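To start, the structure itself, in structure tokens.
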Amino acid sequence: MLTFTKEEIIPSTKLTRNFSEVLNKIKAHTLEKVVVLRNNEMEAIIIPYDEYENMKETMEIIEYRDIYETVKRRNKNLYKSPVR
Numbered sequence: 002m003l004t005f006t007k008e009e010i011i012p013s014t015k016l017t018r019n020f021s022e023v024l025n026k027i028k029a030h031t032l033e034k035v036v037v038l039r040n041n042e043m044e045a046i047i048i049p050y051d052e053y054e055n056m057k058e059t060m061e062i063i064e065y066r067d068i069y070e071t072v073k074r075r076n077k078n079l080y081k082s083p084v085r
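Just so we're aligned: the sequence shown equals residues 2 to 85 in our numbering.
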């Protein structure tokens with residue numbers, strides 16, 4: 002479960018008025034992330050670009066590992082099956 006500090010939760014109207022300031026804080030890693038609220042509902046999270054790249058890379062590695070495990074399992078089952 003993600004947790005957020007009070008400073009990391011910003012209504013969309015406040016973000017609109019202070020976008021440059023918020024973006025600078027994210028870029029400088031003063032803020033780790035910002036949650037954007039619209040009508041008191043969480044709508045989006047803004048994170049630094051390098052953090053996004055790291056997340057995408059991690060997701061790709063996990064996907065490749067899952068594909069590898071699936072192929073490995075299928076090959077193992079293929080060779081276990083009796084030949085007719």
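All residues carry an ideal CB built from backbone N, CA and C; glycine is no exception.
Since the structure is predicted, the reported quantities are computational estimates derived from the model, not experimental observations.
Contact holds between the stretch 21 to 36 and the stretch 45 to 55, because three or more Cβ pairs, one in each stretch, are under 8 Å apart. Beta-bridge pairing by DSSP links E42 to R39. Counting along the chain, no alpha helix (DSSP H) covers I48, and no H or E run does either. At least 8 Å separates the beta-carbon of V37 from that of L3. Shortest Cα-Cα distance from I27 to any of I62, I11, E61, I63 involves I11. When the Cα atoms are used, M60 and F20 turn out to be separated by approximately 29 Å.
Between the alpha carbons of D67 and L24 lies a gap of roughly 35 Å.
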